[in-house]
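The structure under discussion appears below in the form of structure tokens.
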Amino acid sequence: ALGGVHTLDLSNTRVADVSALGAVHTLLLTACRELRDVSALGKRGQHEVSLAMTPVDDVSALGGVHTLDLSNTRVADVSALGAVHTLLLTACRELRDVSALGKRGQHEVSLAMTPVDDVSALGGVHT
Numbered sequence: 640a641l642g643g644v645h646t647l648d649l650s651n652t653r654v655a656d657v658s659a660l661g662a663v664h665t666l667l668l669t670a671c672r673e674l675r676d677v678s679a680l681g682k683r684g685q686h687e688v689s690l691a692m693t694p695v696d697d698v699s700a701l702g703g704v705h706t707l708d709l710s711n712t713r714v715a716d717v718s719a720l721g722a723v724h725t726l727l728l729t730a731c732r733e734l735r736d737v738s739a740l741g742k743r744g745q746h747e748v749s750l751a752m753t754p755v756d757d758v759s760a761l762g763g764v765h766t
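By the count of the numbering used here, the sequence shown reaches residue 766 at its end, each step adding exactly one.
Take a look at the structure:
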């Protein structure tokens, strides 16, 4: 485990398993093409996680992360994300339903270039 590491940038690497990582404050996993399972992350105390351009589908375990970047991923369901403070969902082409957001304590949500039609539930989002 990398207990003393504050920021760990593994972007554009071939990392496929992050289950043994400790409580890294900022974890950058942008464009990790081999990474599929991120279920171990939300339980480890990560403050900021970037999974942009990483082929993840299931992010339901990441509800405890403060800042979560899922831009350009295949994520289609964000209903289990809990109170993620900053949620970046730019260009998530599989995402259609964002009705669970806004009720969950999001402060900032980005849906730019994401094919959502109904954003009426997002009234509780600050930015």
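Don't be surprised by glycine CBs; every beta carbon is placed ideally from N, CA and C. These numbers come from a predicted model, not from an experiment.
Could you tell me the boundaries of the beta strand (DSSP E) in which residue i lies?
{"i": "residue 667", "result": "665–667"}
{"i": "residue 689", "result": "687–689"}
{"i": "residue 646", "result": "646–648"}
Using a Cβ-Cβ cutoff of less than 8 Å, which residues in the same chain neighbour residue i once the five nearest sequence positions on both sides are dropped?
{"i": "residue 654", "result": "668, 671, 673 and 674"}
{"i": "residue 764", "result": "740, 741, 745, 746, 747 and 748"}
Helix, strand or coil for residue i per DSSP?
{"i": "residue 678", "result": "coil"}
{"i": "residue 707", "result": "strand"}
{"i": "residue 760", "result": "helix"}
{"i": "residue 658", "result": "coil"}
{"i": "residue 670", "result": "coil"}
{"i": "residue 720", "result": "coil"}
{"i": "residue 700", "result": "helix"}
Suppose you measure from the CA of residue i to the CA of residue j; what does that come to, to the nearest Å?
{"i": "residue 748", "j": "residue 757", "result": "14 Å"}
{"i": "residue 684", "j": "residue 697", "result": "19 Å"}
{"i": "residue 666", "j": "residue 682", "result": "13 Å"}
{"i": "residue 734", "j": "residue 723", "result": "17 Å"}
{"i": "residue 646", "j": "residue 678", "result": "19 Å"}
{"i": "residue 737", "j": "residue 761", "result": "8 Å"}
Run through the DSSP bridge pairs and tell me what residue i is partnered with.
{"i": "residue 747", "result": "725"}
Residues in its own chain within less than 7 Å of residue i by CB, not counting five upstream and five downstream?
{"i": "residue 739", "result": "717 and 718"}
What residues in its chain sit with their C-beta under 6 Å from that of residue i, if we drop five residues either side in the sequence?
{"i": "residue 648", "result": "667"}
{"i": "residue 699", "result": "719"}
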